[in-house]
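Written out below as structure tokens is the structure these notes cover.
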Amino acid sequence: MKKMMRNLSTLCLAVSLVTGAAAANVALAQTKATAVKPKPSSLAGIDSYTIYYGEPKKAALQKLTAYDLVVIEPRLWTKAQVDILKQQGVKVLGYLSVLEQYKDSELLKKATSADYLTIKGKRDFRSDWESWSMDINSAHYSELLLEDYRSHVLAKGLNGVFLDTMGNADDGIWPADVSTRQREGAVKFVATLRAAFPAQAIVQNWGLTALKDRTAPYIDGILWEDFDPKVVSKDQWSQNRMKELSALKQKHGITVLTVDVGLTGKQKNNYLQLNTKLGYVGQVIKKSYDEL
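Written out as structure tokens, the structure reads:
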């Protein structure tokens, strides 16, 4: 009787182990499938891009069709003009400044006093950019951003949005507690965009230190401006960021974009070679974002 029970117990254990192993294999397969499955908004396959904030004149439209991805100032464009690029297979992202607003922007005209970021009771003016820092934790301001997004990105049929000034939260321009609150608010805003518009691509400008680790699950790409090979190939800060971005690319499938202005000859070749080595998509702008 004891022998039969031992045999039965052994059989049950074997079945349990086989069943458990099978379940584990299924779970592992599902995890792998989830990990490699691209998001609807993924920028995978993008090999070329540019940034152009100028007017969509005929010559500009023709030049822009040569790229896989373009970032534009959508307030200057009509839906018909956007469609010209999309019909040629170009993905189009619209510019949206998040943590600051230019002093004469249309959005700022709708802002209330509570929408401005204040430091020790005073509004924070970024004189270098002639812009006001905005409080991303203001519900009214966040709604203004969403309203602008719907009007100029969604309504005109763009493929997604380019979130500028996000890096302000990491740049040390505010007291630490203010930067922390702004970072938390920025993450919440990006998460809201992702939940509401899952098929829309989201690219974040800068925020290469603490912010990127928080926004990575929600974004499709990140832009590293001023990616100068003479600096980033030697600078320890840059080396650390590259390692972190490699990990985020593996984990979240993020596309890393870089840009520099005015590089020519050997400098330009070194820039492009470094981008290729790292798996980044680089672009050299001739003079400014307003020209092609």
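Counted the way mature numbering (1 follows the signal peptide of the UniProt record, and there is no 0) counts, the sequence shown spans residues -23 to -1, 1 to 269. Note that beta-carbon positions come from the ideal geometry of N, C-alpha and C, so glycine has one too.
Same chain, Cβ closer than 6 Å to residue i, neighbours up to 5 away in sequence not counted
| i | result |
| --- | --- |
| Y195 | V167, A168 and R171 |
| K40 | L269 |
| A1 | For A1, the predicted model reports a pLDDT of 41, less than 50, meaning its position is unreliable and no value from the coordinates is stated. |
| T186 | D147 |
| L225 | A193 and I231 |
Buried/exposed call for residue i, threshold 16 Cβ in 10 Å
| i | result |
| --- | --- |
| E50 | buried |
| K189 | buried |
| K99 | exposed |
| Q159 | buried |
| N145 | buried |
| V13 | For V13, the predicted model reports a pLDDT of 42, less than 50, meaning its position is unreliable; a value from the coordinates is still stated below. The residue in question, V13, is exposed, as its Cβ has fewer than 16 Cβ neighbours within 10 Å. |
Residues bridged to residue i [DSSP beta-bridge criterion]
| i | result |
| --- | --- |
| residue 271 | One cannot answer for residue 271 here, as it falls past the ends of the chain, which runs -23 to 269. |
| K68 | L46 |
| Q260 | V236 |
| Y29 | I49 |
Residue i and residue j closer than 8 Å at C-beta
| i | j | result |
| --- | --- | --- |
| D147 | G184 | yes |
| Y126 | S108 | no |
| K258 | I28 | The amino acid at residue 258 is misidentified as Lys; the sequence shows Val. Going by C-beta atoms, V258 is not nearer than 8 Å to I28. |
| Q260 | V236 | yes |
| D45 | S25 | yes |
| D267 | Y30 | yes |
Neighbourhood of residue i by C-beta, 8 Å cutoff - its chain only, sequence neighbours within 5 removed
| i | result |
| --- | --- |
| S265 | V238 |
| Q65 | T42 |
| L38 | Q58, I61 and L62 |
| A178 | S18, S19, L20, K68, L70, N136, G137, V138, D197 and G198 |
Own chain residues within Cβ distance below 7 Å of residue i, not counting five before or after
| i | result |
| --- | --- |
| F102 | W109 |
_Would you call the segment 66 to 75 in contact with the segment 128 to 148, where contact means no fewer than 3 C-beta pairs closer than 8 Å?_
yes
*So does the segment 53 to 65 actually touch the segment 114 to 133, counting three or more Cβ pairs closer than 8 Å?*
yes
*Given 8 Å, three or more beta-carbon pairs between the segment 81 to 90 and the segment 141 to 155*: The segment 81 to 90 vs the segment 141 to 155: no contact.
*Is there contact here, the segment 205 to 221 with the segment 248 to 256, by at least three beta-carbon pairs under 8 Å?*
Yes: the two stretches touch, three or more of their Cβ pairs being nearer than 8 Å.
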